[in-house]
Amino acid sequence: MLYIVLSVISGLTLAISLPNYYIPFAFLVGYGLLFYLIEKNDTKRLILYSFIAGLVFSGISFYWIIYAIHYYGKINLYLSSGLFLLFITAYSLYAFVLFSVLLKLFYKRYNYKGFFIAPFLIVLLEVVREYFPFTGFPWNLNGYMLSYINQIAQISSLFSIYGLSFLVLYFSISFYMMFSNQHFRWIILNLLNIALFISIFLWGQNRIESYTDKGESYKVSILQGNIDETLKIERNTENDMIVLDKYISLFEKAKKDNPDLIILPESALPFFPFIDNDKKEYFFKEFEKIKIPFLSGFDNVILNKNLEIEKVYNSLFLVDENGKYVDYYSKVKIVPFAEYSPIRFKFLEEIFEYMKGIDFSPGESQKLLTFQKNDKKPMKIVSLICFESIFPNYVSSFVNKGGNVIVNITNDGWFGKTSAPYQHFEMARIRAIENNVYLIRAANTGISAVINPVGKIKSKLNLNTEGVLTDYVYLTDGRSFFNQNRVFILIGYIVLFGLVLGLLEFYKMKRIE
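The sequence shown begins at -19 in my numbering and counts up by one.
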């Protein structure tokens, strides 16, 4: 019974280390208890206890999934709960059980020294999560347990969010060894870790204070419509006109700030860009009074020669001051089981209404959108639609194509008043630090913001508020260490992992001799 209680506390304290709880250093307790369970139990019992810890962690961290499935997916609460249970079971088996069992193997072979494989192991498992399953799901990585301390978050400019994950596990195992082994050397190690933490903090503080805005600037206005999700789901002429009038009103407010560019959220305007209808005509007639270029998300329907739907994309369009489409980017990382069904079964479509119809198609490439006003240096826009902002390596490779500013549009209205919008926002914020570029975020219900290259939130609109946010962004060409060297960093990490294993094996063989 004691181990079950400890498992629950482990999952709980790890979960409350993440947004929007951010209980400082609670992860030290959470991982400390997990290491204790690994040390004191055989593998069979460990599978059970680590699974319980995983269920508690994922239940608290991802509870918002059941809200989205039930409330907006129109699935009854029992079935929604069953689907959520399947998700957190799979997550727990991978992120907790697999991690714990593998670490147990290292502990068996190398005794307590094997625990120091944990930071390498967790980063390896997290990197895999960026690519698998389906399009990947690197949500709530361990590094976000420390990223709220912006000075410490500056490490992500060197080693990405995975570097922060490494620190979380390294500090946790050092802390655990001090109480478990009770040897003077572990006290010394933790004192050195405190010095390391302070050093990183001071370096991060210096990096933040040393940053100054310079170079070409653009004045942007973000429109946060705070549109009720039911208006977007229950599409009809009346609801669509409510949405259009809301955004036209916000356009008029933004015009008073005289911005260079206006930015709307994901799927903001309720018409298809390449299909003519009364709503499209109405909007662009009203837009003639605005005449300011804008970016907006659209459900982008492509018809074939027979005027049948061929493909549907989730796209971000750049529109000039005359209402002409300049270019568009289509979302590459589409969401499995939400925007498309990786596995199609007829009976599932009968159960889940939202799975009927045509899937969204992924965009073909990471295409930069170019916006230029007069003779200014052009904005090379890295477009991130919704959860594309949670992928560190995807974003970095996109910026490497020549991007000098990131625009992240999203509709977090699906999540309601839960922790998900805060989690999503923090992940986007770290992408700015990782790549040393400004990030502009336009969210339907919030959180919209302008974030500078060191992760400082210059201005923002809070969750569930309507408004216009106007601020300046500066174009940056200087790349971070991570952005320039991400492949070599991964190779270096693998080499270091191998060296640590080699050293452990060497000392083990030496002791046997």
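Where a beta carbon is used, it is the ideal one built from N, C-alpha and C, also for glycine.
Spatial distance of Y92 from Y51 (CA atoms): 47 Å
When you compare only the Cα positions, how much space is there between G195 and I272? Cα to Cα, the separation comes out at about 23 Å.
Using the three-state DSSP reduction, which class does P372 fall into: helix, strand or coil? helix
For the candidate residues I413, N416, I386 and K436, whose alpha-carbon lies nearest to that of A422? I386
Quick test of your reading: G435 and A133, contact by CB under 8 Å. State the CB separation rounded to the nearest angstrom. Indeed, because the Cβ distance is near 6 Å, the residues count as touching under 8 Å.
Can you tell me which of the three DSSP states V107 falls into? helix
Which of the three DSSP states is assigned to E485 in this structure? helix
Near L105, what residues of its chain come up, given a Cβ to Cβ distance below 8 Å and the 5 sequence neighbours on each side ignored? Around L105, the same chain offers Y74, A75, L78 and F79 as residues with beta carbons nearer than 8 Å, after the five sequence neighbours per side are excluded.
Taking all protein chains shown into account, do 16 or more other C-beta atoms lie within 10 angstroms of the C-beta of F64, making it buried, or fewer, making it exposed? Looking at its Cβ environment, which holds 16 or more other Cβ atoms inside 10 Å, F64 is buried.
Assumed close pair D220, P245 - CB separation to whole angstroms, cut-off 8 Å: Wrong, their Cβ atoms sit about 16 Å apart, outside the cutoff.
Between which residues of its own chain and L149 is the CB-CB distance below 6 Å, once the five residues before and five after are set aside? A98, P99 and I102
Taking DSSP as the reference, what is the three-state secondary structure of R165? helix
Work out the CA separation of E446 and P433 for me, nearest whole Å. 26 Å
Unbroken stretches of the alpha helix (DSSP H), 4 residues or longer, contained in the region 419 to 469: none
Who are the Cβ neighbours of K226 in its own chain at under 6 Å, not counting the five residues just before and after it? G205
Helix, strand or coil at I386 according to DSSP, with G and I counted as helix: strand
Would you report the Cα separation of Y11 and S152, rounded to the nearest angstrom? 6 Å
When you compare the CB positions of P372 and S140, do they come within less than 9 Å of one another, or not? yes
Neighbourhood of A(-5) by C-beta distance below 6 Å, restricted to the same chain and skipping five residues each side: F37, I40 and S41
Whole-angstrom Cβ separation of M125 and F7, contact assumed at under 8 Å? 5 Å
Could you check whether the region 210 to 217 touches the region 156 to 170, counting it as contact only if at least three pairs of C-beta atoms, one from each stretch, sit closer than 8 Å? no
Using a threshold of 9 Å, state whether the C-beta atoms of D339 and S310 are closer than that. no
Using CA atoms only, rank isn't needed, just tell me which of F96, F114 and R89 is closest to A318. Of the listed residues, the one whose Cα sits closest to A318 is F114.
Write down every uninterrupted run of the alpha helix (DSSP H) in the region 216 to 280 whose length is 4 residues or greater and which is fully enclosed by it, in chain order. 217 to 235 and 258 to 267
Would you kindly check if the distance between the Cβ of I202 and the Cβ of V430 is under 9 Å? yes
Nearest-angstrom Cα distance between V417 and E189? A straight-line Cα-Cα distance of about 16 Å links V417 and E189.
Cβ atoms of Y43 and T398: under 9 Å apart, would you say? yes
If you pair each beta-carbon of the region 253 to 261 with each one of the region 227 to 236, do three or more pairs fall below 8 Å? no
Just verifying my parser: in three-state terms, what is the DSSP assignment at I314? coil
Is DSSP giving L364 helix, strand or coil here? In the structure shown, L364 falls within a strand segment according to DSSP collapsed to helix, strand and coil.
Exposure of S276, with buried meaning 16 or more beta-carbon neighbours within 10 Å: buried
Could you give the distance in angstroms between the alpha-carbon of I3 and the alpha-carbon of I(-11)? 14 Å
Integer Cβ distance of S363 from L296, believed to fall under 8 Å: About 5 Å separates the two Cβ atoms, so the contact holds.
From G94, F96 and N122, residue whose alpha carbon lies closest to that of V107: The shortest C-alpha separation from V107 is found at N122.
Cutoff 8 Å; reference V379; Cβ partners in own chain excluding five residues on either side: V362, I386, N415, V417, R459 and N463
Suppose you measure from the CA of A408 to the CA of I469; what does that come to, to the nearest Å? 21 Å
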